[in-house]
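Engineer: Could you have a look at this structure, given as structure tokens, before my questions?
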Amino acid sequence: MSGHHLHPESVVVHIGVGQDSVYGAVSTPIYQTVTYQHPGAGLGRYDYSRTDNPTRTGLADGLARLEGGAGASLFSSGMAAIVALFHLLRQGEHVVLTEDLYGGTYRVLVDLFQRFGIAASFVNTQDIAAVEHAIRDTTRLLFIETPSNPHLMITDLRAMASLARDHRLWLAVDNTFMTPLRQRPFDLGADFVVYSATKYLSGHNDVLAGALISRDPDLAKKVAELANSTGGVLAPFDAWLVIRGLKTLAVRLDRQEANAAHVAKFLQSHPAVRNVYYPGLANHPGSALHRAQCLGPGAMVSFQLKARERSADLMDALELILPAVSLGGTESLITHPDSETHRELPEGMRHRLGIGPGLMRLSVGVENREDLVHDLGQALDRVIEPIKGRDA
Ligand SMILES: Cc1ncc(COP(=O)(O)O)c(C=O)c1O
């Protein structure tokens, strides 16, 4: 061992490699077993797959190493990982969250955890004073999405970490849009990083998975105990799919990001589009802050149609880009947050956040960038045609 410190792009390729001491299989074996034969009267390293499974452990150890955390627990979806984080809270405690966030996180807090006495405040976390103002004596957790969903607004993670320290809170970052290759929340002061591994980490729109990574070893242990108690853990085959997807994360992200920058510029120039939200654009209000805390703008682009009522027509007119929820995979997908990913938010809140009928969210895939621009162009031209001369 030369002591050379591997770059994250190399770490992702080798996650799970070296697990098969019997045959030396390079591809991590799928340990499709529930239970393990004990080596005598005592327990062996593995006992029961809800608690631990070698395929899942290979992925968990790799993700913890990649992220720079003490330990990772893997769940059957991103939501299960987020729920595990909220399970660390006690009755009577309070959470402050980014208001422009994934609708499922809003729903689980308001519909479920509120019934068990956990309160939540959804605030504009770009505004540091507003976050401080929302903190109560009972606040235990700050939960941040940056870039936010769907507007890709940027929250200052160093400032959030400083607030968390001053008020003795945990800081958790949903890093799904960025991945450890673009944003490293532990380096910026976070205590937890949460992922929908369904998205970029696995990257092929073929597996649901979630990860909760803890910076502190005691908290990592607590989360692992919670995962075992509540049982929503990642199955061995699904863990294998995430391991396989991770091997190409660096190349996929480079390509997707380059495509997204090209698409965002094209959208900005199209007369059917009123606004484009992409942290890589110079006129994005958070672009300088994003550059100060991230290694790239990512591959999510949102935009506002001038003809707000034509979003369904736009989705119908696309030939290559698929109208579908989810994000981060090889195929480009377009979503209508108002009626899909964010429909759980109350209408008033959606209105206040600007999540209206004309807002579209695009997850840019790995296709040829000219094909993507051609597809968007022909669809946007059709959408604008009948309303020429009228600024809807
Ligand atoms: C930012 C973000 N976090 C969490 C989730 C939930 O993940 P999952 O669908 O894997 O449960 C999603 C899903 O779209 C998401 O976009």
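If you're matching positions, the sequence shown starts at 0 in numbering that gives the first Met the number 0 and goes up one per residue.
For glycine and all other residues, C-beta sits at the position ideal for the given N, C-alpha and C.
1. Taking only three categories from DSSP, how would you classify Gln303?
2. Whole angstroms are fine: how far does the CA of Val82 sit from the CA of Ala226?
3. Provide the residue span of the beta strand (DSSP E) that contains Ser161, from first to last.
4. State buried or exposed for Glu346, treating a residue as buried only when at least 16 other CB atoms are found within 10 Å of its CB.
5. Leu248 and Gly202 look like a contact to me (Cβ under 8 Å); what is the Cβ gap, rounded to whole Å?
6. Taking the alpha-carbon positions, what's the Asp19 to Arg214 distance?
7. By Cβ distance below 7 Å, which residues in the same chain neighbour Leu288 in space, the five residues on each side in sequence not counted?
8. Could you say which of Gly39, Thr54, Tyr35 lies nearest to Tyr45 if we only look at CA atoms?
9. For the beta strand (DSSP E) containing Leu332, name the first residue and the last one.
10. Under 8 Å between the Cβ atoms of Arg164 and Leu252?
11. Starting from Val95, trace the beta strand (DSSP E) both ways and give me its first and last residue.
12. Closer than 7 Å to a non-hydrogen atom of ligand 1 - does that hold for the CB of Met78?
13. Do Thr54 and Thr27 have their C-beta atoms closer together than 8 Å?
14. Tell me whether Asn204 sits in a helix, a strand or coil according to DSSP, three-state version.
15. State the start and end residues of the unbroken beta strand (DSSP E) segment that holds Gly209.
16. Would you mind working out which of Glu343, Glu131, Leu73, Val21 sits nearest Thr104, comparing C-alpha positions?
17. Beta strand (DSSP E) containing Gly225: first to last residue?
18. How many angstroms separate the CA atom of Leu280 from the CA atom of Arg49?
19. Could you give the first and the last residue of the continuous beta strand (DSSP E) run that contains Ile143?
20. When DSSP labels each residue in this structure, what does His340 get in the three-state scheme?
21. Would a C-beta distance cut-off of 8 Å place His283 and Tyr277 closer than the cut-off?
22. Cβ of Tyr105 versus every heavy atom of ligand 1: is any distance shorter than 7 Å?
23. Helix or strand or just coil, what does DSSP make of Glu8?
24. For Tyr45, which of helix, strand or coil comes out of DSSP?
25. Rounded to whole angstroms, what is the Cα-Cα separation between Ala129 and Ser120?
26. Would you mind reading off the limits of the beta strand (DSSP E) that contains Phe74?
27. Our contact map puts Asn52 next to Pro336 with C-beta atoms below 8 Å; I'd like the distance itself, whole angstroms only.
28. Run the CB neighbour count on Asp173, radius 10 Å, all protein chains shown included, and call it buried at 16 or more, exposed below.
29. Mind checking whether Leu233 and Ala208 have CB atoms under 8 Å apart?
30. Would DSSP call Gln182 helix, strand or coil?
31. In this structure, how does DSSP classify Asn258 when only helix, strand and coil are distinguished?
32. If we count the other Cβ atoms within 10 Å of its Cβ and call it buried at 16 or more, is Val382 buried or exposed?
33. Here's the rule I'm using: 16 or more other beta-carbon atoms within 10 Å means buried, otherwise exposed. How should Asn367 be labelled?
34. When every heavy atom of ligand 1 is checked, does at least one fall within less than 7 Å of the C-beta of Asp173?
35. Would the beta-carbon of Ser301 be found less than 7 Å away from any heavy atom of ligand 1?
Structural biologist: According to the structure data:
1. strand
2. 10 Å
3. Where Ser161 is concerned, there is no enclosing beta strand (DSSP E), although the alpha helix (DSSP H) it sits in stretches over 156-165.
4. Exposed, since its Cβ has fewer than 16 Cβ neighbours within 10 Å.
5. 6 Å
6. 28 Å
7. Ile153, Asp155
8. Tyr35
9. 332-334
10. no
11. 93-97
12. Inclusion of Met78 in the 7 Å shell around ligand 1 follows from its C-beta lying nearer than that to a non-hydrogen atom of the ligand.
13. yes
14. coil
15. 209-213
16. Glu343
17. Correcting the residue identity first, residue 225 is Leu in this sequence and not Gly. Unbroken run through Leu225 is the alpha helix (DSSP H), 216-229; no beta strand (DSSP E).
18. 45 Å
19. 138-144
20. Sequence check: residue 340 is Thr here, not His. Looking at Thr340 - three-state DSSP - the assignment turns out to be coil, as it is neither helix nor strand.
21. yes
22. no
23. helix
24. coil
25. When rounded, the distance between both Cα atoms is 11 Å.
26. 70-74
27. Wrong, their Cβ atoms sit about 36 Å apart, outside the cutoff.
28. buried
29. yes
30. strand
31. helix
32. buried
33. exposed
34. yes
35. no
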